[in-house]
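Engineer: Residue numbers (the working numbering): 5 to 382. Positions of the beta carbon are idealized from the N, C-alpha and C atoms, including for glycine. Every value quoted in this text rests on a predicted model; they were computed, and no experiment measured them.
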Amino acid sequence: MSDIKSVIGLLCKHLKLLFNVNVKPEHFRLSKFNNNEESCVCQMWEILYKMCKEVYPGLQEDDHVNFVKLSFAMMEYNSIEFYCLPQDMSFGSRELLISVGWLMLTSNVLEISTNRKLRESPMNMEFDVEGYQQSRDVPSQPVFKAGSLECTLNSILWIAGKIRHNVNSITETCQARVKFATKVHESTINCCGLPHLSVSETKLVRYPELLPVYLDRISEYVVLMDTHKQWLKKCHVFWEWMETVVAEKESDPHQNHLSVHEKRTLFHALDTLRHIAKACMLWCQRARSCNSMSDKDTDRSVSSPLHDLPLQPLRGLPRCILQAKGGHTEMGQLLTESELQLQDVRDMYRIKKAAVFEQLHQLARQTENVVLFPRLLK
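1. Alpha carbon to alpha carbon, what distance is there between Ser-173 and Val-25?
2. So what's Pro-322 in DSSP terms, helix, strand or just coil?
3. I'd like to know whether the C-beta atoms of Met-55 and Leu-100 end up nearer to each other than 7 angstroms.
4. So the candidates are Ser-202, His-365, Gly-197 and Asp-220; which of them puts its Cα closest to the Cα of Arg-181?
5. Hey, out of Leu-22, Tyr-87 and Met-129, whose CA is closest to Glu-277's CA?
6. Is Phe-32 closer than 7 angstroms to Ile-12 when the C-beta atoms are compared?
7. Pop quiz: Tyr-60 and Ser-75 are said to be a contact at Cβ under 8 angstroms. What is the actual Cβ separation, rounded to whole angstroms?
8. Helix, strand or coil for Leu-89 per DSSP?
9. By the three-class DSSP mapping on this structure, what secondary structure does Cys-195 have?
10. Leaving out five residues on either side along the sequence, give the residues of the same chain with a beta carbon under 7 angstroms from the beta carbon of Thr-206.
11. Which first and last residues belong to the alpha helix (DSSP H) in which Gln-234 is found?
12. Where Asn-194 and Thr-231 are concerned, what is the direct C-alpha to C-alpha distance, given to the nearest angstrom?
13. Measuring only the C-alpha atoms, how far is Asn-158 from Arg-168?
14. Where Arg-2 and Asp-348 are concerned, what is the direct C-alpha to C-alpha distance, given to the nearest angstrom?
15. At the level of alpha carbons, what is the spacing between His-240 and Arg-292?
16. Would you mind giving the Cβ-Cβ distance between Tyr-218 and Leu-208, rounded to the nearest angstrom? I have them listed as a contact below 8 angstroms.
17. Can you tell me whether Phe-361 is buried or exposed? The criterion is at least 16 other CB atoms within 10 Å of its CB, across all chains shown.
18. Along the chain, where does the alpha helix (DSSP H) that runs through Leu-34 open and close?
19. Run through DSSP, which three-state label would Ser-117 get?
20. Identify, in the order they occur along the chain, each residue of the same chain with its Cβ nearer than 7 angstroms to the Cβ of Leu-215, setting aside the five sequence neighbours on each side.
21. What distance in whole Å lies between the Cβ atoms of Ser-125 and Ile-222, which are believed to be in contact at a cut-off of 8 angstroms?
22. Cβ of Ser-35 within 7 angstroms of Cβ of Arg-98?
23. Might you give, ordered along the chain, the residues of its own chain that have their beta carbon closer than 7 angstroms to the beta carbon of Glu-58, omitting 5 neighbours on each side?
24. Output the distance between the C-alpha atoms of Val-171 and Gln-179, rounded to the nearest integer angstrom.
25. Between which two residues does the alpha helix (DSSP H) holding Ser-97 run?
26. For Gly-165 and Glu-154, I'd like the C-alpha separation in whole angstroms.
27. Looking at C-alpha atoms only, which residue of Thr-248, Lys-237 and His-365 is the closest neighbour of Leu-15?
28. How should Leu-344 be labelled, buried or exposed, when 16 other C-beta atoms within 10 angstroms of its C-beta is the threshold for buried?
29. If you drop the 5 nearest sequence neighbours on each side, which residues of the same chain put their C-beta closer than 7 angstroms to that of Met-384?
30. Return the CA-CA distance between Leu-89 and Asp-132, expressed in angstroms with no decimal places.
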């Protein structure tokens, strides 16, 4: 008995390091006997929510309960009692405990979360960027007021040129970073029994006084690795205890009997899951259609010559970023054609305006004999 208590305590420590949940071994003991204390049930829901977020990080959230039920439905979990659990988290601690065990066993969520944490740790960073991250105020960009078409196009060209310059600067910086990192790797081949050292590790070798700060930063990850290693050695004790939890559930005389309230909760959960699934499918269809339309537009823009496009001014802007303005340049042709298109639009609206006024005059002539006021007032 003491062995299982220590193993569950190890699991609680592991969950605390991975998902930041304050679960205790007492919560597991109470859940085995279906004790519906508020803290116990809420903690089990919190564990399930954090685990499901790890398995399905991009899944749309409605609330914690519906999110967990949808995640389990996607993983084909077939426990009717689980989907009958209420939204207010009032009972069902044993069913939640069994769901936690099922999720840990089928999706290997502890291993996945541990690997993700270690990938994001300073031990896996090539460059130590924490000391160089400084908050700087972004300079305010000039606001261009609406003016003539030529001024608007000039402002667009100025912004496009600035973006082009920034992209080139970023590319050169990345190339220089790779070049210097390669030099560090070549200089530290077979150093300390490793193929090579990273830039951050080389910095620690060169400046040993930074080691205490680095050790403080990675202490949490060292504890996580040690905890996960111990859990892998003793997890069989937990699974043996989970067999007693399942046996306790099967011995419950009310196991296969659903109350009216539980049936209503089940129908409500199924309706909610159905609506969420339809919304996800609709979103996927829209995203797929938008991607296909964008691919068609890209193919058309690549295959068609510039003068065949209907939106020539917009399509031609990237090609004339570095060209000077003039009457015979592409920029000058774009301005001329844009002014002609604008003039055509104005003429079209002028014709429509005249037609509308003519219709109003005809309606007015047809209503001349209509008495709008009493005769005395007329």
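Structural biologist: Well, looking at it:
1. 44 angstroms
2. Note that Pro-322 scores a pLDDT of 36, beneath 50, so its modelled location is shaky and nothing firm can be said.
3. no
4. Ser-202
5. Note on residue identity: the sequence assigns Leu, not Glu, to residue 277. Among Leu-22, Tyr-87 and Met-129, the Cα nearest to that of Leu-277 is on Tyr-87.
6. yes
7. 5 angstroms
8. coil
9. strand
10. Val-188 and Thr-192
11. 215 to 254
12. 30 angstroms
13. 15 angstroms
14. Residue numbering for the chain in the displayed model covers 5 to 382; residue 2 lies beyond these limits and cannot be assessed.
15. 45 angstroms
16. 6 angstroms
17. exposed
18. 29 to 36
19. helix
20. Leu-208
21. 6 angstroms
22. yes
23. Val-113, Ile-116 and Ser-117
24. 12 angstroms
25. 97 to 111
26. 16 angstroms
27. Lys-237
28. exposed
29. Residue 384 lies beyond the residue range present for the chain, which begins at 5 and ends at 382; the question has no answer from this structure.
30. 47 angstroms
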